[in-house]
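**Student:** Residue numbers (my numbering), protein chains in the order written: chain A, 1117 to 1880; chain B, 1176 to 1612.
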């Protein structure tokens, strides 16, 4: 659209013709108050807060529905408009309970803010307020009608945004109320809590957060969700407790993340695993009676290290296996493989693989522009989704696909062995047999079906592959795309850092960045690097693994297989999982919300996680590994480069941020990699090494440290042959999250609530 | 069947077939029915639109917009089907004209709809009737079936190459659905809430297609306009107000009823001559000239011609031409309360000023009428109403605010007489008890 010039309050503004006046004004820092207007959702013109005067028009116009055109003149700051806003708020407050002192939204309420700015302090009314009892719609969502201002954001977010359509309005006039469309005031939905998030007042409240705290009594920590592999930015509300700091809320008040407005049930409610009573807070050692008994950290580390050292020295590193995790930070996984390879001297290192990243990266090597980031999904004009059910397994991806189709008219094509909810947004759906993913490349190459023809007619394509596509079919498909040109790819793994675990070399044959162990390249600086591939996950977790010792960090293979009972088992975990229960030494670890570092989502987007909560008794896996290495007599400075690098001078600039300004000097130091690393427990000391050594991880530091997502690239060249490895897609639902999800009471409740509803509706 | 009234001053155009059995198709044809549509089939769409424009026919729903103009806004070419929509959701208190048309002359609505369809090139029409008019639905359905049987509706109407279909539908009992876009929502099976305008129905209407939506009386008038000729029809009324209107006179008069009078007929004469004057020899206190949403007029303000322009000049509106006459036994506070109770009940709740404003006005007026008002309450009532006016999503808010402002303005003393514990001197309707919380 061509730009037009128009005038608001005497100020000449320019915007593309057809821009909504409210958007144009907000961009120019002219505030137009509104309750019902929400960018990206359908227009309502219901709240009447945005009324403005347009010259030559008799009636006041709503800025949220007025599209700007050349030469228009608007007034937004006249006494007339001030009176409209004030009167409107007076009307709203007439029936509003004004129970701000006990309202969850008190302090972060749009009605409060608007009343403060535009409203009147005097009540004109003497009548009793309309009252209705509060309703509980689900374990996650409560509705308090008296507080509701009927802006209909929740209805639209649920319907248009989530494609769930669980909410509606009943009654009319002043008796109107938001109501679940299902029977009995119960929400039969995805329990995403988006309705709570967009509620401008405290009408919709969260089952887990309500009446927990006042908003200003929390610290807000911006980090990344610990659950699925999409990596939503999440803001944790943290309160100090006598023992440390506890998370009381998770939301997405910071809309700048790759998730924009979105957060799902797991991100919003599933944080409570961190505060679970079942958390391990003391190291455990198996005693003479064969029982796990509490021990001090000193004893536990010493016991584990002594045994590992003894086995290594007697039988060599091959006798020891190491299993890493899809939920550790990049720095921890990197440290773990470095520890395994240089301290234990073993390539027996792997993790539970949820997608075939080695093949994916190998096939895309040298084509950085062909590996899609998650943000690309929000704008790609044509997308082919192969397998999987993103609505359940990758809620954010599903959100982006829906939104892209809805707002940008993107064309979504789906090839799947079963019907999925996203079919509703698809332009074309091709049902294929469960093993049909293997033949997908030839199916597309030949282009005989209408489905293939439509896809081939697209100028550009973004192919999103579920973990069902692996090995040769995956390589073939990418080869087809590269040959065709203008095709980008993404591969879907399962957990918060499954991509990072693969990227960081939790692989018996591959070093970080998919560098083969026999041609270590940049990793030649590692001391005593063994150069033959070690045992993989299946071999190490077999009942006859033959390993003398096994170190399992943040994984729970015993839930699936029977481990070798003769092996000396050291486990680092949050909970006494099936695996930890069999261990000889259990080391209680900090959760992802209790430490800092970076994560890589399944699209290769790297983001910072920041320590939010604090739990006494636990240690980050990073620190545990450093202590184990130290107790084994390793040279720590070689494992974690700390102490000497960087600068300690302040270069003449103030480092204080006393007046509230950002510590620009610290940011500058961090961005230029000059921040001194003073502690061996500082994960960012290793981050620097990762950026230096790992192909594809030389990232834009300033963006990363500013909490933005930074896309990592596949290595420029790769010459390994991916080993055939067992890929076990996790197939989580909206309310499960592997072993971790079992320890979230909120997710358990939601799953039960949902199962009950499903059983009921199945009878229809 | 309600008794029909009549008066020598009446000019019977729309009502000429009332009470003559014209609900039966043969009788309707005998009385000259379906001739206009044949004329229109011969003349073509441009001629029809020009004829209706020239007749000065203005929308009978209340807004008084030129019918011919409205039709001319419909694009000639459209990818989506065009529709004719007959608004028979007659719900404005005091109004009962469409009721009589549906009852006595249903075919005139069908014929008018066909002509509108020919004018704008629509092949489908809907007759949407008020939910409470279910008894009339049978009559209308019968008429539609008869018209189909005769080949007046269907694929090749009257043997021509033109198609026109009609579907009848009733609402579920919501005043709000009388608003044209809310009616479309309702017809589409959704909650009856108005749409954002623009786009206007002529461009994006029912099911997204260009739609002509007219009041039932307007549509029923169209065949008469065609039959009489535009000039003859226009000559009946006052300048820029073509033809006649069905005036529904109710309240404290000797002979209440629906009278068809030329546009511009004097209001005072309507009350004192046509309707036989004030009942039981009492004095006139006030007149609501065009349905409950129009501002009240005082006895010294009623010597005016009843057309859109003259009533507007007098500070009120012709609206649906429902004249409500109030005598000196009427408590105006109670009348204001009755009026606002209706709008409080009928507000759809979509926008804040209407939803909250009607609720508060009702509460405050209830309290004032019960004698618990304080001096400042009167100004508060007016303040609320004035701040609703022009700020709501659709005209329902204005319909509630306008009369309230007029009541307070013109009968302030009566409000003051209710204050400070004084009971209503005229209370008789058994209002809800006010309890002090």
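Note that beta-carbon positions come from the ideal geometry of N, C-alpha and C, so glycine has one too.
Source: prediction; values computed, not measured.
Which complete alpha helix (DSSP H) runs does the region 1519 to 1554 of chain B hold, if anything under 4 residues is left out?
**Tutor:** Within the region 1519 to 1554 of chain B, the complete alpha helix (DSSP H) runs of at least 4 residues are 1527 to 1544.
**Student:** Anything in chain B within Cβ reach of residue 1241 (chain A), meaning under 7 Å, just list it in chain order.
**Tutor:** Translated into the one-based positions of the first chain, residue 1241 (chain A) becomes position 125. Going along chain B in sequence order, the residues near residue 1241 (chain A) (Cβ under 7 Å) are 1535.
**Student:** List the DSSP bridge partners of residue 1139 (chain A).
**Tutor:** Stepping through the first chain from its first residue, residue 1139 (chain A) is reached at position 23. Answer is none; residue 1139 (chain A) lacks a bridge partner.
**Student:** Going by the beta-carbon positions, is the gap between residue 1442 (chain A) and residue 1467 (chain A) smaller than 8 Å?
**Tutor:** Walking along the first chain from the start, residue 1442 (chain A) turns up at place 326. Walking along the first chain from the start, residue 1467 (chain A) turns up at place 351. Contact: yes.
**Student:** Within the continuous alpha helix (DSSP H) that includes residue 1855 (chain A), where are the two ends?
**Tutor:** One-based indexing of the first chain puts residue 1855 (chain A) at position 739. Run containing residue 1855 (chain A): 1854 to 1857, per the alpha helix (DSSP H) assignment.
**Student:** Between residue 1117 (chain A) and residue 1133 (chain A), what straight-line distance do the alpha-carbon atoms span, to the nearest angstrom?
**Tutor:** Numbered from its first residue, the first chain carries residue 1117 (chain A) at position 1. Numbered from its first residue, the first chain carries residue 1133 (chain A) at position 17. Each residue's Cα considered, the two are about 6 Å apart.
**Student:** Determine whether the Cβ of residue 1555 (chain B) lies closer than 8 Å to any Cβ atom of chain A.
**Tutor:** Here residue 1555 (chain B) refers to the residue found at position 380 when the second chain is read from its first residue. Yes - at least one Cβ of chain A is within 8 Å of the one on residue 1555 (chain B).
**Student:** Looking at residue 1517 (chain A): is its Cβ nearer than 8 Å to the Cβ of residue 1541 (chain A)?
**Tutor:** Within the first chain, residue 1517 (chain A) is the residue found at index 401, counting from 1. Within the first chain, residue 1541 (chain A) is the residue found at index 425, counting from 1. Taking 8 Å as the Cβ cut-off, residue 1517 (chain A) and residue 1541 (chain A) qualify as a contacting pair.
**Student:** Does any residue of chain B bring its CB to less than 8 Å from the CB of residue 1207 (chain A)?
**Tutor:** Mapped onto the first chain, residue 1207 (chain A) falls at position 91. Interface residue, yes.
**Student:** Is the shortest distance between the beta-carbon of residue 1200 (chain A) and the beta-carbons of chain B less than 8 Å?
**Tutor:** Taking the first residue of the first chain as 1, we reach residue 1200 (chain A) at position 84. Yes, because at least one Cβ of chain B sits closer than 8 Å to the Cβ of residue 1200 (chain A).
**Student:** Under 8 Å, do residue 1227 (chain B) and residue 1208 (chain B) count as touching if we go by C-beta distance?
**Tutor:** If you number the second chain from 1, residue 1227 (chain B) lands on position 52. If you number the second chain from 1, residue 1208 (chain B) lands on position 33. The answer is no: Cβ separation not under 8 Å.
**Student:** Relative to chain A, which residues along the region 1558 to 1569 of chain B have a C-beta separation below 9 Å, given in chain order?
**Tutor:** Result list: 1558, 1559, 1561, 1562, 1563, 1565, 1566, 1567, 1568.
**Student:** Enumerate in chain order the residues of its own chain whose CB-to-CB distance from residue 1166 (chain A) is below 6 Å, with the five nearest sequence positions on each side excluded.
**Tutor:** On the first chain, position 50 is the one that residue 1166 (chain A) refers to. These residues qualify, in order along the chain: 1138, 1148, 1150, 1178, 1179, 1180.
**Student:** Return the chain-ordered ranges of every alpha helix (DSSP H) run that is complete within the region 1351 to 1375 of chain B and spans a minimum of 4 residues.
**Tutor:** Complete alpha helix (DSSP H) runs here, min 4: 1355 to 1362.
**Student:** Counting only runs that start and end within the region 1364 to 1424 of chain A, where is the alpha helix (DSSP H) found for 4 or more residues in a row?
**Tutor:** Listed in chain order, they are 1381 to 1385.
**Student:** Which residues, in order along the region 1141 to 1169 of chain A, keep a beta-carbon less than 7 Å from a beta-carbon of chain B?
**Tutor:** If the cut-off is 7 Å between Cβ atoms, the region 1141 to 1169 of chain A has 1159, 1161, 1162, 1163, 1164, 1167 near chain B.
**Student:** Spell out the partners DSSP gives residue 1259 (chain B) in its beta bridges.
**Tutor:** The residue given as residue 1259 (chain B) occupies position 84 in the second chain. Its beta-bridge partners are B:1300, B:1387.
**Student:** Would you mind working out which of A:1301, A:1341, A:1619 sits nearest residue 1828 (chain A), comparing C-alpha positions?
**Tutor:** Taking the first residue of the first chain as 1, we reach residue 1828 (chain A) at position 712. Among A:1301, A:1341, A:1619, the Cα nearest to that of residue 1828 (chain A) is on A:1619.
**Student:** Run down chain B in chain order and give the residues with a C-beta less than 7 Å from the C-beta of residue 1176 (chain A).
**Tutor:** The residue labelled residue 1176 (chain A) in the question sits at position 60 within the first chain. Those within 7 Å of residue 1176 (chain A) in chain B are 1565, 1566.
**Student:** Could you check whether residue 1223 (chain B) and residue 1294 (chain B) sit closer than 8 Å to each other, using their CB atoms as the reference points?
**Tutor:** Start at 1 with the first residue of the second chain, and residue 1294 (chain B) comes out as number 119. Start at 1 with the first residue of the second chain, and residue 1223 (chain B) comes out as number 48. Closer than 8 Å, so yes.
**Student:** Rounding to the nearest angstrom, what Cα-Cα distance links residue 1122 (chain A) and residue 1130 (chain A) in this structure?
**Tutor:** Here residue 1122 (chain A) is taken as the residue at index 6 of the first chain, counted from 1. Here residue 1130 (chain A) is taken as the residue at index 14 of the first chain, counted from 1. Taking the straight line from one Cα to the other gives about 6 Å.
**Student:** Could you spell out the range, first to last residue, of the alpha helix (DSSP H) harbouring residue 1339 (chain A)?
**Tutor:** If you number the first chain from 1, residue 1339 (chain A) lands on position 223. That residue, residue 1339 (chain A), is in no alpha helix (DSSP H); its beta strand (DSSP E) goes 1335 to 1340.
**Student:** Which residues does DSSP list as the beta-bridge partners of residue 1286 (chain A)?
**Tutor:** Taking the first residue of the first chain as position 1, residue 1286 (chain A) is located at position 170. Its beta-bridge partners are A:1293.
**Student:** Measuring straight from C-alpha to C-alpha, what distance separates residue 1214 (chain A) and residue 1337 (chain A)?
**Tutor:** The residue you call residue 1214 (chain A) lines up with position 98 of the first chain. The residue you call residue 1337 (chain A) lines up with position 221 of the first chain. Whole-angstrom Cα-Cα distance: 29 Å.
**Student:** Go to residue 1421 (chain B), then tell me how far its beta strand (DSSP E) extends in each direction, as first and last residue.
**Tutor:** Taking the second chain and counting its residues from 1, one reaches residue 1421 (chain B) at position 246. Note, residue 1421 (chain B): beta strand (DSSP E), 1419 to 1426.
**Student:** Examine chain B for any beta-carbon lying closer than 8 Å to the beta-carbon of residue 1875 (chain A), and answer yes or no.
**Tutor:** As a working mapping, residue 1875 (chain A) is identified with position 759 in the first chain. Note that residue 1875 (chain A) scores 42 on pLDDT, short of 50, meaning its location in the model is unreliable; the coordinates nonetheless yield the value given after this. Output row for residue 1875 (chain A): interface = no.
**Student:** What whole-angstrom Cβ distance do residue 1105 (chain A) and residue 1672 (chain A) have, given they're in contact under 8 Å?
**Tutor:** Outside the modelled stretch of chain A, which goes from 1117 to 1880, sits residue 1105 (chain A), for which no answer is possible.
**Student:** Out of A:1314, A:1318, A:1587, state which residue places its alpha-carbon closest to the alpha-carbon of residue 1370 (chain A).
**Tutor:** In the first chain, the residue the question calls residue 1370 (chain A) occupies position 254. Per the Cα distances, A:1314.
**Student:** Within the region 1693 to 1736 of chain A, note down every full alpha helix (DSSP H) run reaching 4 residues or more, in order along the chain.
**Tutor:** Within the region 1693 to 1736 of chain A, the complete alpha helix (DSSP H) runs of at least 4 residues are 1694 to 1697.
**Student:** Closest Cβ-Cβ distance between residue 1768 (chain A) and chain B: below 8 Å?
**Tutor:** Numbered from 1 along the first chain, position 652 holds the residue referred to as residue 1768 (chain A). Bear in mind that the predicted position of residue 1768 (chain A) carries a pLDDT of just 47, short of 50, making it unreliable; the figure below should be weighed with that in mind. No - not a single Cβ of chain B is within 8 Å of the one on residue 1768 (chain A).
**Student:** Measure from the C-beta of residue 1591 (chain B) to each C-beta in chain A and report whether the shortest distance is under 8 Å.
**Tutor:** For the purposes of this step, residue 1591 (chain B) is taken as residue 416 along the second chain, with counting starting at 1. With 8 Å as the cut-off, residue 1591 (chain B) does not count as an interface residue toward chain A.
**Student:** Taking buried to mean at least 16 other C-beta atoms within 10 Å of its own C-beta, is residue 1073 (chain A) buried or exposed?
**Tutor:** Summary: the structure shown does not reach residue 1073 (chain A), with chain A confined to residues 1117 through 1880, and so no result is reported for it.
**Student:** For residue 1297 (chain A), decide whether its Cβ has a neighbour in chain B, counting only Cβ atoms nearer than 8 Å.
**Tutor:** Working through the first chain from its first residue, we reach residue 1297 (chain A) at position 181. Cβ-Cβ to chain B under 8 Å: no for residue 1297 (chain A).
**Student:** What residue does the beta strand (DSSP E) around residue 1191 (chain A) start on, and which one ends it?
**Tutor:** For the purposes of this step, residue 1191 (chain A) is identified with residue 75 of the first chain, where counting begins at 1. Where residue 1191 (chain A) is concerned, the enclosing beta strand (DSSP E) stretches over 1189 to 1191.
**Student:** Report the neighbours of residue 1523 (chain A) on chain B: residues whose CB is nearer than 7 Å to its CB, in chain order.
**Tutor:** In the first chain, counting from the first residue as 1, residue 1523 (chain A) sits at position 407. Per Cβ cutoff of 7 Å: no residues; residue 1523 (chain A) is ~18 Å from chain B at best.
**Student:** Below 9 Å between beta carbons is the criterion; list the residues of the region 1502 to 1531 of chain B that meet it against any residue of chain A, in chain order.
**Tutor:** Here the close residues are 1518, 1519, 1520, 1521, 1522, 1523, 1524, 1525, 1526, 1527, 1528, 1529, 1530, 1531.
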